[in-house]
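Some notes on the structure that comes next.
In our numbering, the protein residues as written are 27 to 352.
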């Protein structure tokens with residue numbers, strides 16, 4: 027399926043007026059998150075860049091203000107968020123709840139590509155924790171405010187998970203999410219194993235969106251949830267991911283230069299998912315949709331379309347967080 031947009035989406039021209047809207051972009055200190063924030067703030071939104079490193083994020087805000095924010099544009103704010111620790115993720119969300127009375131869009135953008143398998147002090151794999159479980163808890167903590175905002179007149183509330191095309195490299199037999207042990211899957215300690223471990227967490231991002239949308243629809247809550255693949259973007263993480271996907275030596279490096287998108291272009295699909303008017307106009311088609319560059323409908327893997335896996339993941343996640351006292 028293609029896009030409902032007949033030409034390439036341009037955030038500068040095609041996003042609606044976002045004055046009065048409040049948006050969170052996680053991992054907003056660099057790369058896709060940074061430029062997603064820029065696209066949205068240019069249209070008037072108040073955008074929170076939720077990231078771990080305060081000085082890096084404040085410098086990013088200064089850069090963006092110089093690149094194209096001025097009178098009539100929105101604002102950029104920093105809020106601390108450390109997704110390597112679920113307690114910190116919950117604390118960050120609670121701090122936001124103290125600061126704002128509305129939240130129109132949550133973009134779970136932050137991503138972590140580990141080089142070697144490792145577990146945290148809680149006995150959870152670093153990749154599944156930072157890429158999925160902490161964002162799950164962060165989202166859960168913010169849902170009451172998202173739901174409250176969705177009941178306000180004229181609102182268009184959305185949750186966007188930035189996933190990856192790497193979700194499709196996970197063998198279906200390994201796409202199991204029904205226990206803590208399953209979530210801690212290691213795969214092999216090589217290039218493909220690292221990629222599959224990342225893909226496993228990114229598959230969880232899609233399943234999370236699917237189950238969120240099912241629950242909102244069941245409760246008749248007018249929130250639209252989407253996941254997306256931003257493309258392979260010219261960031262350190264994107265270059266590392268491409269290296270794992272194209273292990274062809276110098277040829278791979280040359281090919282990679284052609285495949286890598288600029289960071290600003292890499293943020294186009296996220297900006298579309300977050301605020302494009304046609305997503306609300308055609309809500310039935312966009313609910314739980316998976317988008318690819320640029321703002322087109324993409325094809326999920328079979329595992330990513332499995333409602334039982336989505337439910338298993340939700341139940342397992344709730345159980346793990348309960349065990350952690352969260």
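All C-beta atoms, glycine included, are put in the ideal place defined by N, C-alpha and C.
Beta-carbon to beta-carbon, residue 172 and residue 183 are separated by about 5 Å, close enough to satisfy the 8 Å threshold. Under the three-state reduction of DSSP output, residue 73 falls in the strand class.
Annotation: the continuous alpha helix (DSSP H) that includes residue 305 extends over 303 to 307.
A direct Cα-to-Cα measurement between residue 70 and residue 137 gives close to 26 Å. DSSP places residue 104 in the uninterrupted beta strand (DSSP E) bounded by 101 to 106.
Looking from the CA of residue 35, the closest CA among 116, 217, 305 belongs to 305. In this structure, residue 152 sits near residue 110, with a CB-CB distance shorter than 8 Å.
In the DSSP assignment, residue 231 falls within the unbroken alpha helix (DSSP H) covering 217 to 244.
Between residue 237 and residue 336 a beta carbon distance of about 4 Å is seen, short of the 8 Å cut, so the two are scored as contacting.
The C-beta of residue 127 has fewer than 16 other C-beta atoms within 10 Å across all chains shown, which makes the residue exposed. Residue 334 and residue 94 have their alpha carbons spaced roughly 45 Å apart. For residue 317, the enclosing beta strand (DSSP E) has its first and last residue at 316 to 318.
Here residue 222 is buried, its C-beta having at least 16 other C-beta atoms within 10 Å.
Within the DSSP secondary-structure output, residue 335 pairs in no beta bridge. For residue 313, the secondary structure class from DSSP, reduced to helix, strand or coil, is coil. Contact between residue 342 and residue 158 does not hold, since the beta-carbon distance rounds to 11 Å and is not under 8 Å. For residue 235, the closest alpha carbon among the candidates 67, 339, 101 is that of 339. DSSP lists 187 as the bridge partner or partners of residue 134. Here residue 169 is not bridged, per DSSP, to any residue.
Nearest C-alpha to residue 64 among 314, 301, 324, 195: 301. At least 8 Å separates the beta-carbon of residue 102 from that of residue 52.
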